[in-house]
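The numbering used here puts the first residue of the sequence shown at 6, with every later residue one more than the last.
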Amino acid sequence: MARTYVVGQKGGLARQMHQRTVELVRAQTQARAIRGLLREEVLTEEEKQVFLRGRNCHSHAAPKSASPEDYAHATGLEALFGWLYLTGQKERVCLLFEQILAMKPWKKEK
């Protein structure tokens with residue numbers, strides 16, 4: 006979804022589009038995105054439970070570029086998107102993705 010979004014925006018050089026995509030999918034951005042969805046109470050109770058199961062799954066290693074907390078939140082968000090996709094809720098995936106983009110989570114919180 007992130008690549009499709011970036012390519013559909015303004016185009017540009019392949020390297021620039023790749024860097025923009027990486028910015029969107031990095032753990033810190035995903036962590037800010039899920040925190041925003043939780044703060045705005047966008048998720049259903051079932052979606053929150055799926056997120057929590059993904060977040061609480063023990064990972065053996067987190068990348069050096071992310072804190073363990075951000076990595077856990079990002080994992081939870083990816084688990085939620087995967088669950089929604091696998092259960093055929095593609096419209097919900099698109100809706101949540103649009104809400105995340107509106108929050109601009111790639112911009113650092115102040």
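By construction, the Cβ of each residue, glycine as well, lies at the ideal position given by its N, Cα and C atoms. Here the structure is a predicted model, which is why all the values come from computation and not from measurement.
The criterion of a C-beta distance shorter than 8 Å is not satisfied by L101 and Y10. Leaving aside the five residues that flank A36 on each side, the residues in its chain whose CB is nearer than 6 Å to its CB run, in chain order, D75, H78 and A79. Inclusion of Q94 and L42 in the CB contact set at 8 Å is not warranted, their separation being larger than that value. Counting of Cβ neighbours within 10 angstroms places L29 among the buried residues, the total reaching 16 or more. With respect to the C-alpha of S64, the residue from V55, E50 and G81 having the closest C-alpha is G81. Within the same chain, and ignoring the five residues on either side of L85 in sequence, the residues whose Cβ sits closer than 7 Å to its Cβ are E52, V55, F56 and G59.
The shortest C-alpha to C-alpha distance from S72 to any of L48, T34, K109 and L18 is the one to T34. Secondary structure remark: continuous alpha helix (DSSP H) runs of at least 4 residues inside the stretch 51-103, in chain order: 73-91.
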